[in-house]
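Numbering (UniProt numbering), first residue to last: 1 to 293.
Worksheet for the structure shown next.
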Amino acid sequence: MVDSFLRYISYEKRYSQHTVKSYQNDLKQFEFFCQSKFKVQNITEANQLMIRAWVLSLMDGGTSPRSVNRKIASLKSFYKYLLKRDTISQDPTVKIKSLKVKKELPGFANEEEFSDFLNRLVFDDSLEGQMEQLLLELLYGTGIRLSELLGLRVSDFNPGQSTIKVLGKRNKERIIPISRSLNSLLKNYITEKNHAFSHDSDSFLIVNKNGGQAYPMLVYRIVKKYLSQVQSLDKKSPHALRHTFATHLLNKGADLNAVKDLLGHSSLAATQVYTHNSLDKLKSVFDQAHPKA
């Protein structure tokens with residue numbers, strides 16, 4: 001039934017390969033626990049006590065509450081699937097509650113410092129140097145996720161409209177406007193890339209030295225190399241640039257719904273986490289300007 005469930009979330013629910021792999025790993029881990037601890041060979045026979053015991057073992061083993069909650073969510077989805085198909089008569093996860101997680105506010109770069117940082121940057125004239133510049137400009141200029149960046153193809157760029165087409169979570173497409181400078185940078189980079197490698201418009205935009213699709217660690221390495229100069233950023237990661245993009249937009253008065261659409265969030269709740277930064281700025285303005293402050 002696990003294989004059937006994985007096919008369901010992959011082809012019908014259209015979850016990403018990364019998400020499907022996470023579900024698979026969680027279910028395998030729980031299956032191994034049930035087999036070794038309770039001698040239950042099939043997790044369709046697992047009950048609430050077994051699930052609680054697994055959660056406790058994860059906590060005792062040092063697994064973070066956030067990771068435990070993700071694993072609980074995997075089980076809930078799996079047993080909900082079994083219940084819908086009448087494979088089980090009762091859902092053993094009904095009374096299993098998620099752990100309380102301390103809310104972490106997303107880190108972002110100070111606007112003034114980051115602007116100075118961008119103005120100081122000097123890149124090599126080689127294709128590799130242009131790619132590194134484009135990579136940073138795309139992440140900060142559009143707020144796209146790492147997986148979305150790696151999935152971009154040359155054909156996703158529309159120079160006439162100054163937009164890029166992004167394939168986000170659950171294969172949802174969205175169109176993101178880009179600045180004139182980023183448009184020009186993309187055109188120049190693609191021209192150089194075509195000279196060095198394939199002219200195929202379906203080829204990946206961000207590539208490695210051999211012209212193949214770039215991989216996550218390559219992007220992490222490049223981002224970390226440059227962001228090491230930004231003191232206001234604790235985490236030097238691609239996602240930090242996404243946080244910075246959203247925060248800077250909101251601090252400049254951007255509409256929350258517009259930022260939601262740009263980020264590819266399915267609900268406003270995910271976008272509202274960035275508003276704390278804007279509120280801090282508003283409080284600062286209030287304290288400086290209001291007679292009653």
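Note that beta-carbon positions come from the ideal geometry of N, C-alpha and C, so glycine has one too.
ask   = Would you call G141 buried or exposed, if buried means 16 or more other Cβ atoms sit within 10 Å of its Cβ?
value = In the sequence shown, the residue the question calls residue 141 occupies position 141. With 16 or more Cβ atoms within 10 Å of its Cβ, G141 is classed as buried.
inquiry  = Could you compute how far the alpha carbon of N158 sits from the alpha carbon of E148?
reply    = Taking the first residue of the sequence shown as 1, we reach residue 158 at position 158. Taking the first residue of the sequence shown as 1, we reach residue 148 at position 148. The alpha-carbon atoms of N158 and E148 are separated by roughly 16 Å.
query = What are the complete beta strand (DSSP E) segments, minimum 3 residues, inside the stretch 159 to 211?
reply = 163 to 167 and 173 to 177
inquiry  = Taking the straight line between their C-alpha atoms, what separation do you get for I51 and K80?
reply    = Translated into positions along the sequence shown, residue 51 becomes position 51. Translated into positions along the sequence shown, residue 80 becomes position 80. Answer to the nearest angstrom: the Cα atoms are 15 Å apart.
query = On the three-state DSSP scale, how would you describe M231?
reply = In the sequence shown, the residue the question calls residue 231 occupies position 231. Met is not the amino acid found at residue 231; the sequence shown has Gln there. Three-state DSSP puts Q231 in coil, outside helix and strand.
task = Measure the CB-CB distance between L205 and L139 and report whether it falls below 8 Å.
result = Your numbering for residue 205 matches position 205 in the sequence shown. Your numbering for residue 139 matches position 139 in the sequence shown. Taking 8 Å as the Cβ cut-off, L205 and L139 do not qualify as a contacting pair.
request  = Report yes if the CB atom of D234 is closer than 8 Å to the CB atom of G143, and no otherwise.
outcome  = Counted from its first residue, the sequence shown places residue 234 at position 234. Counted from its first residue, the sequence shown places residue 143 at position 143. Contact: no.
task = Label Q90 either buried or exposed according to how many other C-beta atoms from any shown protein chain fall within 10 Å of its C-beta, with 16 as the threshold for buried.
result = For the purposes of this step, residue 90 is taken as the residue at position 90 of the sequence shown. Exposed, since its Cβ has fewer than 16 Cβ neighbours within 10 Å.
inquiry  = Looking at the strands, I want to know which residues DSSP matches up with Q213.
reply    = Numbered from its first residue, the sequence shown carries residue 213 at position 213. In the DSSP output, where bridge partners are listed per residue, Q213 has V207.
inquiry  = Assuming N25 is part of the alpha helix (DSSP H), what are its boundary residues?
reply    = For the purposes of this step, residue 25 is taken as residue 25 along the sequence shown, with counting starting at 1. From DSSP, the alpha helix (DSSP H) with N25 extends over Q17 to F38.
ask   = Of the residues F197, L134, R180 and D202, which one's Cα is nearest the Cα of V154?
value = As a working note, residue 154 is residue 154 in the sequence shown. Nearest of F197, L134, R180 and D202 to V154, Cα basis: D202.
key: Residue from K39, L182, G61 and E31 with nearest C-alpha to F78   = Here the question's residue 78 lines up with position 78 in the sequence shown. Of the listed residues, the one whose Cα sits closest to F78 is E31.
Exposure label - P177; buried when at least 16 CB within 10 Å = As a position in the sequence shown, residue 177 is number 177, starting the count at 1. The residue is exposed, with fewer than 16 neighbouring Cβ atoms inside 10 Å.
query = Just to confirm, are E111 and N251 a CB contact at a threshold of 8 Å?
reply = The residue given as residue 111 occupies position 111 in the sequence shown. The residue given as residue 251 occupies position 251 in the sequence shown. The answer is yes: Cβ separation under 8 Å.
message = Give me the DSSP bridge partner(s) of residue 318.
response = Past the edges of the chain, shown from 1 to 293, lies residue 318, and the structure says nothing about it.
message = If I measure Cβ to Cβ from L83 and keep anything under 6 Å in the same chain, skipping five residues before and after, which residues do I get?
response = By one-based count along the sequence shown, residue 83 stands at place 83. If we look at L83 and ignore the five residues flanking it on each side, its Cβ neighbours are D91.
ask   = Beta-carbon separation of Y226 and M131 under 8 Å?
value = The count along the sequence shown starts at 1 and reaches residue 226 at position 226. The count along the sequence shown starts at 1 and reaches residue 131 at position 131. Going by C-beta atoms, Y226 is not nearer than 8 Å to M131.
query = alpha helix (DSSP H) containing P65: first to last residue?
reply = Locating residue 65 in the sequence shown gives position 65, where the first residue counts as 1. Taken as a continuous stretch (DSSP letters only), the alpha helix (DSSP H) holding P65 covers P65 to K84.
ask   = What distance in whole Å lies between the Cβ atoms of A246 and Q259, which are believed to be in contact at a cut-off of 8 Å?
value = Here residue 259 is taken as the residue at index 259 of the sequence shown, counted from 1. Here residue 246 is taken as the residue at index 246 of the sequence shown, counted from 1. Just to set this straight, residue 259 is Val in the shown sequence, not Gln. Contact flag correct, Cβ pair sits at about 6 Å.
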